[in-house]
Amino acid sequence: MKPLLTFVLFGAISMLFPKPAAAETIDVFPGQSPTSALTTDDLQVHRMSEEFYTEAWYFMAELDDGSHIFAHFGISNAGMGDFSGAVEITIIDADGTIHFDKTQVKSKYMEYTEGKLDVRFGEDHSVSGDLNSFTFKSKGEEVTINLTVKAVIPGLKFGDGKTWFGEAKEEFYALSILTPRGTISGTIDVAGATRNVTGHAYSDHAWQNYPAHNMADRLFSMRSFDDDKSATFLVFVTPDKTLIPTAVVTEGNAVTLASHQFEISESDATADEKHDNYMIPGKISFKSTGGTPFNGEITMTKRLQRQDAVAEFNFFERTMIKMFVARPMLYRFLNDWTVNIGEGEAARTVGSKGVSEVMILRAD
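Per the working numbering, residue -3 is the first one in the sequence shown, and the count goes up by one each step.
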């Protein structure tokens, strides 16, 4: 089965997407171990009383029947707003049919257990599990899922898992990769038709107390996984044009690349004439700037989907986003990709076909 690779922009409704500028590459966690194992504290809810707070559990999967699933369970609070929860699920069938379901939940219907992964949005939506497996359940109007992800490669984080911002270092973005590569199984129901499914999956958990548009102008990530390998790339471009990059590649049962030193570039862009002439990259290239040498590229081959990223938000949310941020659009593609690791006789190439996501917020 081919791996699933994703190029996605986290914090999408608050990020900007300008053309890449020359940027200094820095070590995200100087003096800390590049990676460390997760604990139960990395899985649980980190609900904070800050004016800005968001937290999400996310997974993506490629199923053996050729379909793909993208699922997001989130909690947020912005400004003087109340805490609220949201579940978004997209299923793209092998024939290209798209199924989307979003449920918003008020804070009084949200429950969680401290010290473990156990989050419930009413009776119909939950995320639960431990360091080895995670179960996602959601019963929406069109889509219902009951899926379990089991880690093949154990979860990990970089340093203490947090990237700090501001002179006082009081604001942060935290990321725990629950499983860089895992298996997925369970049931999905679309429009009353239920089927058992199996496949491969990636899952992570992120939280922050900093408005995303202040945290970064742009954020890029890519994931790929199959039976015996996976790759994850994550890059912040901060407002002062500093790159904060992270890369992880696993082969077999080992992490074979963990780096904070690389740069990216975009090329072969085309304009979306139907939406503000948004410039959509045709190719994403990356190259190490220190440490273990590596390079690679992602080439978009076919568009699967274009989706207004705020179409399902309520009127107030849509208005605020479009007034103060942009008109975000989500694009999904089929793509080819390669990653070359090492030099000389020790060099090796990992690559295959996959699926990419690009979120763009405004035209250049």
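In this text, a Cβ means the ideal position worked out from N, Cα and C, and glycines have one as well.
Within its own chain, the residues whose Cβ lies closer than 7 Å to the Cβ of D200, once the five positions on either side in sequence are excluded, are Y54, L171, S172, I173, L174, listed in chain order. The beta carbon of V101 lies closer than 8 Å to those of S80, G81, A82, V83, F117, G118, H121 in the same chain, with the five residues before and after it left out. Taking the Cβ atoms as the reference, L34 lies roughly 10 Å from L113, outside the contact range of under 8 Å.
Annotation for P176: the continuous beta strand (DSSP E) segment containing it runs 167 to 186. Ranked by Cα distance from Y108, the first of T86, H95, I71, A90 is I71.
Distance from the CA of F48 to the CA of F132, rounded to the nearest whole angstrom, comes to 26 Å. Here N331 is buried. Its C-beta has 16 or more other C-beta atoms within 10 Å.
A residue is called buried when at least 16 other Cβ atoms come within 10 angstroms of its Cβ; I94 does not meet this threshold and is exposed. Secondary structure at K102: strand, using DSSP grouped into helix, strand and coil. Under the Cβ criterion (8 Å, minimum of three pairs), the stretch 292 to 302 counts as touching the stretch 331 to 344. With the rule of 3 Cβ pairs closer than 8 Å, the stretch 56 to 69 counts as touching the stretch 183 to 200. The C-beta separation of V145 from D97 comes to about 19 Å, leaving the pair out of contact by the 8 Å criterion. When the alpha-carbon of H68 is set against those of E163, S32, D91, W203, the nearest one is in W203.
In the DSSP assignment, N291 falls within the unbroken beta strand (DSSP E) covering 290 to 304. In this chain, the beta strand (DSSP E) harbouring A250 covers 250 to 255.
By DSSP's assignment, V354 forms a beta bridge with Y327. The beta-carbon distance between L239 and V245, rounded to whole angstroms, is 19 Å. This is too long to meet the 8 Å contact definition. Secondary structure at G338: coil, using DSSP grouped into helix, strand and coil. Under the DSSP definition of a beta bridge, H271 lacks any partner. Using a 10 angstroms sphere on the CB of A164, the tally of other CB atoms stays under 16, which defines it as exposed. Under the three-state reduction of DSSP, D114 is assigned to strand. Between the alpha carbons of Y274 and F329 lies a distance of about 15 Å. Bridge pairing for M44: absent [DSSP]. Going by beta carbons, K283 and E262 fall outside the 7 Å limit. As a beta-bridge residue in DSSP terms, N73 pairs with Y49.
It is roughly 12 Å from the alpha-carbon of D156 to the alpha-carbon of D37. With contacts defined by Cβ atoms closer than 7 Å, V351 and H64 form a contacting pair. Its chain contains D224 as the residues whose beta carbon lies nearer than 7 Å to that of G248, once the 5 sequence neighbours on both sides are disregarded; these appear in chain order.
A distance below 8 Å between beta-carbons, with the five flanking residues on each side excluded, links E110 to the following residues of its chain, in chain order: Q40, V41. Judged by DSSP in its simplified three-state form, T93 adopts coil rather than helix or strand. Nearest to V346 by alpha-carbon distance, out of S181, F221, I141, is F221. Listed as beta-bridge partners of E259 by DSSP are K283. If you look at E247, you'll find it in the beta strand (DSSP E) that goes 239 to 247. The beta carbon of I141 sits closer than 6 Å to those of S134, I184, all from its chain and outside the five residues before and after it, given in chain order. Of the residues assessed, G178 falls on the buried side of the cut-off, its CB having 16 or more other CB atoms within 10 angstroms.
Taking a contact as a CB-CB distance under 8 Å, the pair T159 and F232 counts as one, their CB atoms being some 7 Å apart.
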